[in-house]
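Working notes, structure below.
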Amino acid sequence: MKRIFLQFSMGMMLFFSFALVGHAAEIVIDYGNPGYSETGTWQDSGLKGYNSTSTRYSNVGERTAQWTPTITEAGEYEVFIYKITNLTAGDKDVDIEVVYDGGSSVMEQDWTIGTSGWVSLGKYPFAAGTSGYVIMNGEAGYSTVYSRADAVKFVSYTPPPPEQYADVGTYYVDAVNGDDANSGMSEDSAWKTLDKVNTYTYRPGSNILLKSGGYWIGQLKPKGSGAAGSPIVIDSYGSGNKPIIDGNGIANAGVVHLVNQEYWEINNLEVVNDAPSADSRFGIYIELKDYGTANHIYVRNCYVHNIKGDNSHPHRGVGIFYFVSSGTDSKFNDILIENNTVKSVDRSGIILRSPDGTFSTGLVIRNNMVEDIGGDGIVAKTSKAPLVEYNIAKGTSARANNANAAIWTWYTDDAVVQYNESYDTVRLPNNLDANGFDSDFNNRRSLFQYNYSHNNGGGFILLINPAGSYNDGTIVRYNISQNDGEKVINLLGYIENSEFYNNTFYLDSAATAKMIEVRNFFGIPKTTTFKNNIFYNLGSGGFDMRIVEGFVFDTNIFYGGEPPAATADADISIVNSIIADPKFVNPGSGGSMIDFNDPDRLAGYRLQSNSPAINAGLVIEDNGGKDFWGNPLYTGQPDIGAHEYDSAPGPGTDPGTNPGTNPGTDPGTGPGTGSGTNPGTDTDHDCDPTQYTPQDNEIRVDSAQDGQSAITVIIDEERLARKLKKLQTTENDPVLQLTIPGTHALNAIELPLSVLNNHMEDNKAVVIRINSDLGSYDFPLSILSLDNVISGTNTNTDDASLIIRMDKATSEDGERFDQSIAEQGLNRIGGLVDFKIILQTKDKEKEIHHFGNIFVKRIMIIDDVIEDVTSATAVVFDPVTGQFQAVPSVFTEKDGKTEVAIVRNTNSLYGVVHSKKSFQDMIGHWAAKEVEVLASKLIVNGTTDQNYMPNQPLTRAQFAALLLRGLGLPADKATNAFVDVSADSWYALEVNAAAKYGLVQGAGDGRFNPDQSITREQMVTMLMRAVAFVQGGAKTKGSSEVPFADGDQVSSYARQAVVDAVRAELIAGKTTTTFAPQEGATRAQAAVMIYRALQYLKLINE
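Going left to right, the sequence shown walks through residues -24 to -1, 1 to 1078 as mature numbering (1 follows the signal peptide of the UniProt record, and there is no 0) numbers them.
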């Protein structure tokens, strides 16, 4: 019998789960029903219970109430009791016993606190019949304590089916010719339905491809999460229209719906969710419930339309929706919403929302079109440094007759909203906003720049803040507003430290809108400045300033209407105003759907050469560096308005980041600095073919998480080609060093693939070494010759690039790492660095993880000196699984720091740990040093914590696994190579991986004999295959004469391996003259041989 005591007090309460709805296959026994019985004295109570009927109570003598169900089908049942709460006359120690098949459970409950209702007593097995029951026991002698009884129910419990994991791979879905009985692993064996897709949990690196032109009715709700560098991708295949998923009015869910998942990319889908009447409906819905941080969820190139949501609330109908539905600590990181069209949606187009004060990070909303939206168009909420750029919002606020706007931010820090066009926002009677742009509640340091707003019913921009919130430091600069309605600038409530400068505001003669309107029912706007703006007003509206404090208008041009004026309530300073025609080229000619990459966009708002705005403005510090058209600031003295006039011919420079490119994992928040047009020439290292120094126009620095920075170096094709050509003339190993300047959390260098590929064909020995403050990475051009890189991937090298990244780990990954190693008694040394190689083409990115038999060197820099390198080792870490694996590493002290060199054939996230291990049975042993160093480096394990058992024989499987660990090779799933290696054996992964790498071969007849003791000659043979594998398959030459007296006993297959091992000083004889090739090898001998091999290969310190 197990007794469970559930204690209650005012300081600590245990709250039960209440059943709020009925359950299928349930048995309810109430007072008066068959199965209910009593002993002692009971009577009806005035307290109502289950079914609103009277409950029973007793306070006299010994008493019991019992509920005995008739179970027709044996199985597991969850048992609930209807608790009757009474503060003054209830029982604080209600004694309840559940008798079930095979035992009983007793618990005590306090029925003086909480609320009445169903309380779960747990899940228990019940046999068929009436042998099980629930009994409540009352006590004698306490007349003031009332036992109360009502109903008990038994609910048949069916546990959810176990998750079905799909193997890593690409799965095809064909709505016409597919069949769910197929494997799904090729176009010819495609699945048919979304239900089949939803059955499985997918692993990192998998792809789910829907056939173009296909049509499905239902919901796509796959399970599983990807991993950093290995997202799960949903996409289309074949030619034709985007595959259509029609939700057919599914409510309270998304047509494409992810819940508590991360590392997904959703591309090239058409999504519909229409219905006759409104309800909470979504197109693509990314939902978190008490999850934590969800990373890297991209939605790109999708068409989401006809979502029949509920216009009464912004979150009851959304086209693309990232939302935390429960939990105060859940949030998103690394979110990209790009190149999508969202049309005819009620109520909102695109929204990201996490809990108040819980900031999502890495949000980019780029190059999307939202049109005919019932309410809000694009909203970035509860985020740090979101980037909203190159979007078009047309005809939003069309049906939701409440407060909404086209593009806006809410509860953000350092938001950047740039290169967007917003127009035709509808101003319905109860929508007091209807602006093209909006800096809303709880924003700090929002930046609205280089945007085009026109014909929006409520105006260009709203700055708003109610009591109890804040709106501090919003900057509005270098924007153009044409014929926006109602109030071009709407200032509402207690906003402060706002800046409007170098904007152009235009109203034609038919306009009635106010240039600025202030409303005070949320508070008084304060400390707002207007500088270098052009107010071009041919209409009848003016400035309605009402009550403001500390407003400054300095050096603005006013044309048509009168400037604002100070009053008793409006504390305004107005100085250096210019009343004149600014002489635009063609005002009012803006048009719609502009291309921000067109150098002639909105050319009508450029200044003519005789404009009074030229050289008449104030110098503004930290001004963004360029005007609306990308012209640099300043040419002479500053100009007024959005155009910085330059008498030289030409339309200006590129406005910033190309909206068609993928931003990678950290797109930054800045507008970019432009790439320039002149690649320049090499400077300080022009004569040194081994050095490449990036020039300013090749460098972009953006902000990253936690106030850190991200740097991207985009290498110029011509300069790189010249360097590689000169490098081929050098006599030594050809290494070209590229150094990323500065100290940054995220470091990326982008190399033109066509140049690399051309020179690889001439000289595969070339290595490009990338240096940064985090370390270095050696990239051999020979990697490009691998089958999984260019050949066989249909990659057009002309428009592709290779990105090499060295990034600090996120704080979340660092916490996971510390927790994982702490469980093994280890301590971290220094930071974590994530090394990646990414192949980027126009429409996709592919991370290159594995390099076959090419081993790549990377160096991590630890800020401290590691004194005892025998007790330190590098490890590779998987933040998704929390697993880590030792990798061989060499430690070198340099300039007060430690360089950690790792040579491995895969990329990953790396860290360094401290581990010191010794064994009692190795004291005085000839192999003590080697065994304990390898144990400290997590390569070998003891048989217990205290003993290694050095003389114990070793099996073939054990040595294969030990060899794999020694080289730090991943034991990835591989094809079963041997008939006697079962898939469920502990060594299956290691043996099959070793076979894949060519380290082991069979014993004949397809067998490996995994449990057979390994002989000394077998061990040497495997070891020398490993040495050759690391060295790139090099074959040794020379004598094959075994230098031992018993050399004739060495098998023919092992002779060359034994000779090579002796020559490399990896082995010595069993005696001075004999090798004993057929003797079984011991654990000590294996450790010593692997130790010497790692030193010989320079993979660990000597």
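Note that CB positions come from ideal geometry on N, CA and C, so glycine has one too.
Presumed contact (8 Å Cβ cut-off) between residue i and residue j, rounded CB distance
i, j, result
"GLU246", "PRO219", "7 Å"
"THR931", "ASP987", "5 Å"
"GLU365", "ARG329", "Not a contact, Cβ separation roughly 20 Å."
"ILE456", "GLY566", "7 Å"
"THR269", "ASN309", "5 Å"
"GLY333", "GLY353", "Actually they do not touch by this definition, with Cβ atoms about 25 Å apart."
"VAL55", "ASP71", "Contact flag wrong, Cβ pair sits at about 15 Å."
"GLU875", "ILE837", "6 Å"
"ASN62", "TYR122", "7 Å"
"GLN896", "GLN922", "5 Å"
Alpha-carbon to alpha-carbon, residue j and residue i
i, j, result
"VAL231", "GLN1007", "52 Å"
"VAL36", "ASP286", "57 Å"
"ASN1077", "VAL845", "8 Å"
"THR543", "ALA376", "37 Å"
"PHE527", "GLY449", "14 Å"
"ALA104", "ILE3", "13 Å"
"ARG698", "ILE690", "16 Å"
"GLN671", "THR480", "35 Å"
"ILE716", "LYS559", "46 Å"
"PHE498", "SER445", "10 Å"
"LEU196", "LYS187", "14 Å"
"PRO207", "GLU163", "21 Å"
"GLU620", "ASN591", "9 Å"
"VAL452", "ASN406", "26 Å"
"GLU525", "ASN174", "58 Å"
"ILE523", "ILE500", "6 Å"
"GLY293", "THR388", "22 Å"
"TYR191", "GLU238", "26 Å"
"PHE511", "MET491", "8 Å"
"LYS913", "GLY982", "34 Å"
"PRO625", "ASN228", "Only weak support is given to the placement of PRO625: the predicted model assigns it a pLDDT of 42, under 50, and the value that follows is read from those uncertain coordinates. When rounded, the distance between both Cα atoms is 57 Å."
Bridge partners - residue i, DSSP secondary structure assignment
i, result
"GLN988", "Answer is none; GLN988 lacks a bridge partner."
"SER865", "ILE878"
"LYS463", "LYS490"
"PRO136", "Beta-bridge pairing links PRO136 to no other residue."
"ASN309", "ASN271, THR337"
"LEU802", "BP columns for LEU802 are empty, so no partner."
"LYS873", "LYS870"
"VAL144", "Answer is none; VAL144 lacks a bridge partner."
"MET782", "ASN723, PHE811"
Where the beta strand (DSSP E) through residue i begins and ends
i, result
"THR15", "12 to 15"
"LYS99", "93 to 102"
"TYR849", "According to the sequence shown, residue 849 is Thr rather than Tyr. It spans 848 to 854 - the beta strand (DSSP E) in which THR849 sits, taken as one unbroken run."
"ASP789", "Looking at the DSSP string, ASP789 is not in any beta strand (DSSP E); the run it does join, the alpha helix (DSSP H), is 787 to 798."
"VAL55", "51 to 59"
"LYS905", "First-last for LYS905: 904 to 912, but that is the alpha helix (DSSP H), not the beta strand (DSSP E)."
"ASP389", "383 to 389"
Spatial neighbours of residue i in its chain, beta-carbon cut-off 6 Å, leaving aside the 5 residues before and after
i, result
"GLY434", "ARG403, ASP409, ALA410, ASN411, GLU462"
"VAL144", "ARG179, GLY181, SER182"
"LEU729", "THR773, ALA776, SER777, LEU778"
"ALA142", "TYR176, TYR178"
"GLY469", "ILE440, ASN441, PRO442, PHE498, GLY499"
Contacting residues, own chain, Cβ-Cβ under 7 Å from residue i (five flanking each side not counted)
i, result
"GLN816", "ASN638, ALA776, SER777, ILE779"
"GLU472", "ASP448, LYS502, THR503"
"GLU133", "A small correction: the amino acid at residue 133 is Tyr; Glu does not occupy that position in the sequence shown. Once the five neighbours on either side are set aside, the close Cβ partners of TYR133 are GLU52, TYR53, GLU54, LYS99."
Host alpha helix (DSSP H) of residue i (start-end)
i, result
"THR450", "No alpha helix (DSSP H) contains THR450, which DSSP labels as neither H nor E."
"ALA933", "932 to 943"
"LEU609", "Counting along the chain, LEU609 falls outside any alpha helix (DSSP H), and DSSP gives it neither H nor E."
"ASN174", "170 to 175"
"LYS699", "693 to 703"
"ASP1071", "Note on residue identity: the sequence assigns Gln, not Asp, to residue 1071. Here the alpha helix (DSSP H) through GLN1071 covers 1059 to 1072."
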